[in-house]
Amino acid sequence: MPHTIVTETCEGIADCVDACPVACIHPGPGKNGKGTDWYWIDFATCIDCGICFQVCPVEGAIVQEERPDLQKTP
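Dropping the structure here:
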């Protein structure tokens, strides 16, 4: 099951983007409610490797399940 970036918790640091082996993490348009850039995970491409979860320095920004209700997608 793919991971989910919690859009309103993401701070746009993007360590996950470089670490992702299948390039399934993409920038979202505009800013989130915190005023920061945000990223989203393409559920169809994610291989559930967990690297994004391991490298993200923002606690609670990535959850280890598919939760479209927590992740905005463009």
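For the sequence shown, position 31 (counting from the first letter as 1) is numbered 30 according to numbering that gives the first Met the number 0, and the numbering increases by one without interruption. Built from N, CA and C at the ideal position, the CB exists for glycine as well. The model shown is predicted, which means the values in this text are computed figures rather than measured ones.
Reference residue i; option with closest CA among the options
i: T72; options: D47, I24 and E58; result: I24
i: G11; options: A60, E65, P20 and A18; result: A60
i: A18; options: F52, E65 and V62; result: F52
i: C15; options: E7, G49, G34 and E65; result: G49
i: E65; options: G32, E7, P56 and D47; result: D47
Unbroken beta strand (DSSP E) run spanning residue i, endpoints
i: I24; result: I24 to P26
i: I46; result: Run containing I46: none; DSSP gives neither H nor E here.
i: I40; result: Y38 to I40
Coarse secondary structure for residue i, derived from DSSP in three states
i: V62; result: strand
i: I12; result: coil
8 Å CB neighbourhood of residue i in its chain, flanking five on each side removed
i: Y38; result: I4, C9, G11, A13, C15, V16, I24, H25, P26 and G27
i: P67; result: T3 and F42
- [ ] Evaluate contact between the segment 0 to 11 and the segment 33 to 46, counting only Cβ atoms and requiring at least three cross-stretch pairs below 8 Å.
- [x] yes
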